[in-house]
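The structure under discussion appears below in the form of structure tokens.
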Amino acid sequence: MKYLRLKPLLHFLVYPGKFFIRRDFPVFLFCLFISTSLWLIIRFSQPYELVISVPLKYTGMSKNLALVSYTDSVLKLKATLRGIQVVSYRYLSQPKAFDVNITTLRTRKVDALRHKAYLPVSQLLPDIVQQLGIHGQVSILEPDTLFFFLEKRMTRRLPVRADVVYQIPQGMMPADTIKVVPEWVEVTGPVSILDTLSHIYTSPANVGIISSDQTLRLELKRPVPNLPFEIKPVQVEVKLSVDKYMEAVAVVPVSLPDTSGCQLKLIPDKVKLHLVMPMRRYREFVPAACLVGVSCPPDEGQGITTLPVHIIKLPSYVRCLEIEPPAVEFLILN
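Take a look at the structure:
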């Protein structure tokens, strides 16, 4: 009797093609769809308790104080969910960051420079629930209070450095240094952090291979990513210039150190510089813009007969391939 019950199943496993072409196969699919749908409806109609982690993003700045540090960057909530929200928060999406405005915080003075403040999470909970779109019960797991540490703020003008990576095809070279417009920006933030900064970077950009001039609009990076800084302007233009290059030879005198203790006669006193430069800048190039020199021989340098020639200054658009000769002889004058 058991064999007779298993016979249709064995027949399906051995001859699946014959089963799928039967007329009742669409009915089988319909019944499978209905049963699966009913199972899902029953399954997710029941309440589920989930732990939801909400990232926190601190924004704003009080009139005289700036945020330096804080205790928490993630808030954990326990929520009772049903239906599609269970699937959404468990499998599909992560909550977006919740903006915590610190402008209206009540602070307490610690010393002449530092202040501290706290904010109960219960005050933020209604807005967080509204942003999440949760209709069930929500409670706070941790933390129940956010703590902040602030300092007096200041404003400084800082130069901008472009964080740009690009490549140039063979036969071309940069026609000029990377230009940033404007070159300086105003940054407002905590005194202790701004005092340590010498510049500010643009957001990173990888342009790839360029064979013509390019202009990029890039946002400026905050000195500390998770702290609110005011930067004016928030964007700058970055200009990249490239051109075909040409070679040139310049004969320039070799400079001696500006010291009375180094009286030398150089042989030869001029060298040839083998240079490359962009074609568009060739007409403005003058050899006098190049400066090379030698260092004084050391006092204990007995037996040294030559001094290596090194580059002191070149125009920004010029590259030196070779110095001929690379070293010069010298005589010490009494």
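Take 17 as the starting number for the sequence shown in our numbering and just add one per residue.
Even glycine gets a Cβ: it sits at the ideal position worked out from N, Cα and C.
Since the model is a prediction, treat every value here as computed from it, not as a measurement.
The alpha-carbon of S227 is positioned some 22 Å away from that of A264. Only residues of its own chain outside the window of five on either side were considered, and among them N117, I118, T119, P244 have a CB closer than 7 Å to the CB of G76, listed in chain order. Taking 4 residues as the minimum length, the alpha helix (DSSP H) runs contained wholly in the segment 99-174 are 100-103, 141-148, in order along the chain.
Within the segment 288-347, the runs of beta strand (DSSP E) that reach at least 3 residues and sit entirely inside it are, in chain order, 307-309, 322-324, 326-329, 335-340. Inter-residue distance for G224 and T218 is about 17 Å (C-alpha atoms, whole angstroms). Here DSSP, grouped into helix, strand and coil, assigns L81 to strand. Counted as a single uninterrupted DSSP element, the alpha helix (DSSP H) harbouring S208 occupies residues 207-210. Inter-residue distance for V267 and R335 is about 15 Å (C-alpha atoms, whole angstroms). Put simply, the backbone Cα of L93 is about 16 Å away from that of L135. Here the alpha carbon of M262 sits roughly 8 Å from the alpha carbon of Y298. Rounded to whole angstroms, the separation of the alpha carbons of P220 and A178 is 8 Å.
V258 is bridged by DSSP to P190. N222 is bridged by DSSP to V181. L232: member of the beta strand (DSSP E) spanning 230-235, first to last residue.
Comparing C-alpha distances from Y86 to each of F165, R130, I144, I328 shows the shortest one belongs to F165.
Under the DSSP assignment, E246 falls in the beta strand (DSSP E) whose first and last residues are 246-248. Our two residues, L210 and T204, have alpha carbons roughly 8 Å apart in a direct line. Looking from the CA of V310, the closest CA among V325, V302, T321 belongs to V325. Per the C-alpha coordinates, the member of I327, S78, V302, C47 positioned closest to E167 is S78. Annotation: K329 to L337 spans about 14 Å, alpha carbon to alpha carbon.
The segment 184-191 and the segment 141-148 do not touch, with fewer than three beta-carbon pairs separated by less than 8 Å. Sequence-distant Cβ neighbours of D259 in its own chain, meaning closer than 6 Å and more than five residues away, are A191, P294, M295, R296.
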